[in-house]
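Enquirer:
Chains as they are written, first to last, in the numbering used here: chain A, 1247 to 1462; chain B, 5 to 337.
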């Protein structure tokens, strides 16, 4: 990992924390227990003494660590106690933090194209004014009998139409920006909580019992 | 793997596929759960039809459909949570965020592009070129007949476009990324390369003159039938429903890792089209995807057709000239 420091800002995409560890476990035993979480396709792992670093390339959808594509885990011992500390990096969190900007950009693009087209239309507006009165469409007798509402008169509706609405609506862009802001907030809270739980579960059980499977 | 003979084909020789309705899973749980997950799909279809049939004109508009769609999606996500079909398809935060990106892209940028080059623009041009008034008697048909016609005509076009995508290499390159999904969830229909999403959205239903309400009814049929093709929910789908309509059972076979199985169940809404044209396989599958279930990330999904198209073209040219020795490519699907 490059040694760039982004104090505070990196909380957006980095998750740090610790889970308690049975002090009787050696670092080898502890990492063996974490093995089922790490022994997944596309994962490279390196153990150096009391520390483990891993990197994932496009992990599978059901990979328990899929959200955190790089990470460092190490064991800290103080007196009689021990903890497993982790420092994880997530592309997914960073991208979903940035996604609202992308969708706000699309919304602004819609506004820009609308105003550009409106300017274009003003210039050529006088030319075509085809307001033929369209015939009113009638319902089939079956539908009249069943009581479906009849279609509106298309010539009446024209007057009520707002003129300033363009071809594109920016609302979808604003909506998706909001959705991604929410997705980010949920993910930033949920994923660290899940990862802490998974580490704790893995460390408390012998590796052989935890198994790699889990598809059912 | 032995596989099962369906017509002239062996289904499930490369990867496990369950063939035949008698072999597929059932809803597990008490009588209430059984009842809900047996009648949910038909009940929602009839509710949607009733709503769009009787809603007053001020309410029967596209924006109502969008609002309903949002609430509907949330409800289906809850169903996925409550009664998943397979644990191995469980929605994760990352999968949801990825799917939401594709949904958002379709709603914003692709929607804008589509308004210039999509079927709307093509239909306008076609309507100017012919005297379509000859079809105006369509609007005199009963609303439900119009709605079913719109839905079936659109799906007929989609069936052949989809089948062509699985049979012609250049089209396959646009569709392949969608087959790299490794699990089904309700928003997975939006996952794929934008070129494919544009092609599959081309419809011929819009050529004919129907009443606006008929279009909304047709949309309601699509929303309450084809939406289930990518859903991780275990239903006891009624027999008549799975005979007429596409289901997640059919579509999971289409997405399976088994090559022959992917060449079946092409329709979006009316599986009847597959039955008529001989491509229907009744069954279900859990193991999905390509290359043994490799997940394709967003970046690769965006460039895949162009990258592979360039490689294929280079190989073809190299072969014709016969000069250099191009690297061997995998055969076309």
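Ideal Cβ positions, reconstructed from N, Cα and C, are used throughout, including at glycine.
(1) Have a look at the DSSP bridge pairing and note the partners of residue 1300 (chain A).
(2) Going by C-alpha to C-alpha distance, which of B:178, B:166, B:154 and B:215 sits closest to residue 65 (chain B)?
(3) Is the separation between the beta-carbon of residue 308 (chain B) and that of residue 180 (chain B) shorter than 8 angstroms?
(4) Give me the Cβ distance between residue 193 (chain B) and residue 28 (chain B), rounded to the nearest whole Å; I'm assuming they're in contact under 8 angstroms.
(5) If you follow the alpha helix (DSSP H) that residue 1265 (chain A) is part of, which residue opens it and which one closes it?
(6) Can you tell me whether residue 1435 (chain A) is buried or exposed, with buried defined as 16 or more other CB within 10 angstroms of its CB?
(7) With DSSP as the reference, label residue 260 (chain B) as helix, strand or coil.
(8) Taking 8 angstroms as the CB-CB cut-off, is residue 1366 (chain A) touching chain B?
(9) For chain B, check one thing: does any of its Cβ atoms lie closer than 8 angstroms to the Cβ of residue 1425 (chain A)?
(10) Residues in the segment 41-68 of chain B with C-beta within 7 angstroms of chain A's C-beta atoms, listed in sequence order?
(11) To which residues of the same chain is residue 202 (chain B) closer than 8 angstroms at the C-beta, ignoring the five residues directly before and after it?
(12) Have a look at the DSSP bridge pairing and note the partners of residue 1463 (chain A).
(13) Let me check one thing: in DSSP terms, what residues is residue 22 (chain B) bridge-paired to?
(14) Please list the partners that residue 1313 (chain A) has in chain B, where partner means a Cβ-to-Cβ separation under 7 angstroms.
(15) What is the DSSP secondary structure of residue 1324 (chain A), reduced to helix, strand or coil?
(16) Whose C-beta lies closer than 6 angstroms to the C-beta of residue 289 (chain B) among residues of the same chain, with five residues either side of it excluded?
(17) Please work out which residues of its chain come closer than 7 angstroms, Cβ to Cβ, to residue 263 (chain B), disregarding the five sequence neighbours upstream and downstream, and give them in chain order.
(18) Along the chain, where does the beta strand (DSSP E) containing residue 299 (chain B) start, and where does it finish?
(19) Decide if residue 300 (chain B) is buried, meaning its Cβ has at least 16 other Cβ atoms within 10 Å, or exposed.
(20) Let me know the secondary structure DSSP gives residue 41 (chain B) once reduced to three states.
(21) Consider the Cβ of residue 103 (chain B): report whether some Cβ of chain A lies at a distance smaller than 8 angstroms.
(22) Is the Cβ of residue 22 (chain B) closer than 8 angstroms to any Cβ of chain A?
(23) Would residue 1354 (chain A) pass as an interface residue toward chain B - the criterion being a Cβ-Cβ separation below 8 angstroms?
(24) Is the CB of residue 1328 (chain A) under 8 angstroms away from at least one CB in chain B?
(25) For the segment 164-187 of chain B, which residues have a beta carbon sitting closer than 9 angstroms to at least one beta carbon of chain A?
(26) How should residue 183 (chain B) be labelled, buried or exposed, when 16 other C-beta atoms within 10 angstroms of its C-beta is the threshold for buried?
(27) For residue 51 (chain B) and residue 1429 (chain A), which I take to be in contact (beta-carbon distance under 8 angstroms), what is that distance rounded to the nearest angstrom?
(28) Within 8 angstroms of any Cβ in chain B, is that where the Cβ of residue 1304 (chain A) sits?
(29) Bridge partners for residue 15 (chain B) per DSSP, in chain order?
(30) Taking 8 angstroms as the threshold (C-beta atoms), are residue 197 (chain B) and residue 42 (chain B) in contact?
(31) Which residues does DSSP list as the beta-bridge partners of residue 274 (chain B)?
(32) With a cut-off of 8 angstroms on the beta carbons, I'd call residue 1263 (chain A) and residue 1339 (chain A) a contact; round off their distance for me.
(33) Here's a check: name, in chain order, each residue in its chain whose Cβ is nearer than 8 angstroms to the Cβ of residue 1351 (chain A), leaving out the five neighbours to either side.
(34) Expressed to the nearest angstrom, what Euclidean distance is found between the alpha-carbon atoms of residue 1449 (chain A) and residue 1279 (chain A)?
(35) Report the three-state DSSP secondary structure of residue 191 (chain B) (helix, strand or coil).
(36) Note down, in chain order, all residues in the segment 108-122 of chain B with a beta-carbon under 8 angstroms from any beta-carbon belonging to chain A.
Expert: Checking against the coordinates, here is how it stands:
(1) A:1291 and A:1317
(2) Measuring from the Cα of residue 65 (chain B), the nearest candidate turns out to be B:215.
(3) yes
(4) With 8 angstroms as the limit, residue 193 (chain B) and residue 28 (chain B) do not qualify as a contact, their Cβ atoms being about 21 angstroms apart.
(5) Segment 1260-1267 is the beta strand (DSSP E) holding residue 1265 (chain A); no alpha helix (DSSP H) there.
(6) exposed
(7) strand
(8) no
(9) Cβ-Cβ to chain B under 8 angstroms: yes for residue 1425 (chain A).
(10) 57, 58, 60 and 61
(11) 114, 117, 118, 121 and 122
(12) Limits of chain A in this structure are 1247 at one end and 1462 at the other, which puts residue 1463 (chain A) out of reach.
(13) B:288
(14) 97 and 98
(15) Of the three classes helix, strand and coil, the one that applies to residue 1324 (chain A) here is strand, per DSSP.
(16) 21, 256, 257 and 260
(17) Around residue 263 (chain B): 18.
(18) Residue 299 (chain B) -> no beta strand (DSSP E), and no H or E assigned at all.
(19) buried
(20) Residue 41 (chain B) falls in the helix class under three-state DSSP.
(21) Residue-level contact check: residue 103 (chain B) does not touch chain A, since none of the beta carbons of chain A fall below 8 angstroms from its beta carbon.
(22) no
(23) no
(24) No, residue 1328 (chain A) lies away from the interface with chain B (no Cβ there is under 8 angstroms from its Cβ).
(25) 185, 186 and 187
(26) buried
(27) Incorrect: roughly 29 angstroms between the Cβ atoms, too far for contact.
(28) Residue-level contact check: residue 1304 (chain A) touches chain B, since one or more beta carbons of chain B fall below 8 angstroms from its beta carbon.
(29) B:8
(30) Residue 42 (chain B) places its beta carbon 8 angstroms or farther from that of residue 197 (chain B).
(31) B:249
(32) At roughly 14 angstroms, the Cβ-Cβ gap does not stay under 8 angstroms, so residue 1263 (chain A) and residue 1339 (chain A) are not in contact.
(33) Cβ contact annotation for residue 1351 (chain A) (same chain, cutoff 8 angstroms, sequence separation greater than five): 1419, in chain order.
(34) 6 angstroms
(35) Three-state DSSP puts residue 191 (chain B) in a helix.
(36) The segment 108-122 of chain B vs chain A, Cβ under 8 angstroms: 108, 111, 112, 113, 115, 116 and 119.
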